[in-house]
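If you count by this note's numbering, then the sequence shown holds residues 14 to 264, one letter each, in order.
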Amino acid sequence: NCVVNCASNSVGFSFGDGLDARSVLMGVTVMRGAGSSGAALSIANASPTIRDCIFKENKAYYGGAVYVSGGAPRFIHCVLQNNQALQYGGGVYAYGANGLRMDGCDIAGNTASYSGGGLFLAVSKAQIEDTRLAGNRTLEYGAHGAGAFLNSVSGQLARCVMEANVCAGDGAGLYLCNGSPELRECRWTENEAAGGGGALYLSSAHPAVTGCIFEDNLCGGGGGGAGLYSSSPSLKNCVIRNNQSAAAGGG
Numbered sequence: 014n015c016v017v018n019c020a021s022n023s024v025g026f027s028f029g030d031g032l033d034a035r036s037v038l039m040g041v042t043v044m045r046g047a048g049s050s051g052a053a054l055s056i057a058n059a060s061p062t063i064r065d066c067i068f069k070e071n072k073a074y075y076g077g078a079v080y081v082s083g084g085a086p087r088f089i090h091c092v093l094q095n096n097q098a099l100q101y102g103g104g105v106y107a108y109g110a111n112g113l114r115m116d117g118c119d120i121a122g123n124t125a126s127y128s129g130g131g132l133f134l135a136v137s138k139a140q141i142e143d144t145r146l147a148g149n150r151t152l153e154y155g156a157h158g159a160g161a162f163l164n165s166v167s168g169q170l171a172r173c174v175m176e177a178n179v180c181a182g183d184g185a186g187l188y189l190c191n192g193s194p195e196l197r198e199c200r201w202t203e204n205e206a207a208g209g210g211g212a213l214y215l216s217s218a219h220p221a222v223t224g225c226i227f228e229d230n231l232c233g234g235g236g237g238g239a240g241l242y243s244s245s246p247s248l249k250n251c252v253i254r255n256n257q258s259a260a261a262g263g264g
């Protein structure tokens with residue numbers, strides 16, 4: 014295993030135009046990186062494979078650990094822990110990705126001043142499976158999606174766990190707007206939002222939600238389990254229990 018300690022002076026790795034899945038970063042720990050966009054790893058219009066890597070204690074304005082602009086990178090069994098974004102995406106910030114994949118990753122203890130404490134995805138297609146988003150936070154008033162913030166995203170989240178995320182806005186586990194990705198067999202538990210949607214908040218979103226569990230979530234606004242605005246999700250075989258709201262709609 015290789016450890017790259019950037020000592021708060023530089024970015025760890027960058028992947029540029031045209032690199033495909035044959036470009037592999039494996040078994041590397043990147044820590045204490047510093048930069049404007051992706052302090053541990055920056056990907057621009059590339060589709061590398063990132064496997065068994067650890068990104069921790071990195072700090073950037075966008076994407077505390079990882080920044081993705083275009084391309085279709087794949088992350089397999091990676092850990093993103095205790096990273097910080099001064100703007101968006103404490104763990105990962107991705108915009109315009111046309112096939113981002115995350116398989117069996119752990120995104121925990123990350124913070125963003127604004128939305129997307131663990132994960133921020135916008136105008137992207139993504140497949141996220143068997144991934145845990147836990148203990149992530151957003152800090153500023155009205156900052157949404159402590160676990161994950163998805164704007165205009167298509168694709169699927171399957172068998173993911175969002176737990177103990179805390180946000181200063183809506184949707185502590187997941188904030189979803191302007192898109193309809195499928196949410197399948199995911200679990201939200203012990204998330205806490207200052208606004209609405211302790212677990213999940215939907216704004217102009219219409220996802221299919223199948224086999225999901227919403228349990229022991231809390232919010233200060235409406236919808237302890239889920240909050241909705243101009244949205245029409247379809248729910249099938251879901252469990253919604255023991256959620257609380259300080260305003261209205263405990264479930």
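Note that the Cβ used here is the ideal one computed from N, Cα and C, for glycine as well. If you're wondering where the values come from, they're calculated on a predicted model, not measured in any experiment.
{"Asked": "Give me, in chain order, the residues of the same chain whose beta-carbon lies closer than 7 Å to that of S27; leave out the 5 immediate sequence neighbours on both sides.", "Found": "S55"}
{"Asked": "Residues in the same chain with beta-carbon distance under 6 Å from D229, minus the five sequence neighbours each way, listed in chain order, please.", "Found": "T202, E203 and N255"}
{"Asked": "Classify C15 as buried or exposed, calling it buried when 16 or more other Cβ atoms lie within 10 Å of its own Cβ.", "Found": "exposed"}
{"Asked": "Report all residues from its chain with a CB closer than 7 Å to the CB of H219; omit the five preceding and five following residues, and keep chain order.", "Found": "S193, S244, S245 and P246"}
{"Asked": "Are the Cβ atoms of N22 and A52 separated by less than 8 Å?", "Found": "no"}
{"Asked": "What are the boundary residues of the beta strand (DSSP E) that includes L248?", "Found": "S247 to K249"}
{"Asked": "Give every residue of the same chain whose Cβ lies closer than 8 Å to the Cβ of G234, excluding the five residues on either side of it in the sequence, and list them in chain order.", "Found": "D183, A206, A207, G208, G209, G210, G240, S258, A259 and A260"}
{"Asked": "DSSP three-state call for A181: helix, strand or coil?", "Found": "coil"}
{"Asked": "Quick check on this structure: which residue in G112, D119, T223 and C118 has the alpha carbon closest to the alpha carbon of V166?", "Found": "G112"}
{"Asked": "At which residues does the beta strand (DSSP E) containing N18 begin and terminate?", "Found": "C15 to N18"}
{"Asked": "When we look at the beta-carbon of K72 and count the other beta-carbons within 10 Å, is it buried (16 or more) or exposed?", "Found": "buried"}
{"Asked": "Give the DSSP bridge partners of V79, in chain order.", "Found": "L54 and V105"}
{"Asked": "According to DSSP, simplified to helix, strand and coil, what is G168?", "Found": "strand"}
{"Asked": "Would you mind reading off the limits of the beta strand (DSSP E) that contains N119?", "Found": "Rather than Asn, the amino acid found at residue 119 in this sequence is Asp. Element bounds for D119: D119 to A121."}
{"Asked": "Measuring CB to CB, does A171 end up less than 8 Å from E142?", "Found": "yes"}
{"Asked": "What residues match up with T144 in a beta bridge as DSSP calls it?", "Found": "None; T144 has no bridge partner."}
{"Asked": "Mapping DSSP to helix, strand and coil, what is R150?", "Found": "strand"}
{"Asked": "Which whole-angstrom value describes the C-beta separation of T151 and S128, a residue pair presumed to lie in contact below a C-beta threshold of 8 Å?", "Found": "6 Å"}
{"Asked": "Pull up the distance between the alpha-carbon of S49 and that of N250, whole angstroms please.", "Found": "43 Å"}
{"Asked": "Can you name the residues that DSSP bridges to L187?", "Found": "A161 and L213"}
{"Asked": "Does the beta-carbon of N95 have 16 or more other beta-carbons within 10 angstroms, so that it is buried, or is it exposed?", "Found": "buried"}
{"Asked": "Taking just the CA atoms, how far does A161 sit from L187?", "Found": "5 Å"}
{"Asked": "Can you list, in chain order, the residues of its chain whose CB lies under 6 Å from that of C118, leaving out five sequence neighbours each side?", "Found": "F88, C91 and T144"}
{"Asked": "Would you report the Cα separation of G31 and G104, rounded to the nearest angstrom?", "Found": "24 Å"}
{"Asked": "Please classify R114: is it buried, with 16 or more other beta-carbons within 10 angstroms of its beta-carbon, or exposed?", "Found": "buried"}
{"Asked": "Is it buried or exposed, Y106, if we count other Cβ atoms within 10 angstroms and call 16 or more buried?", "Found": "buried"}
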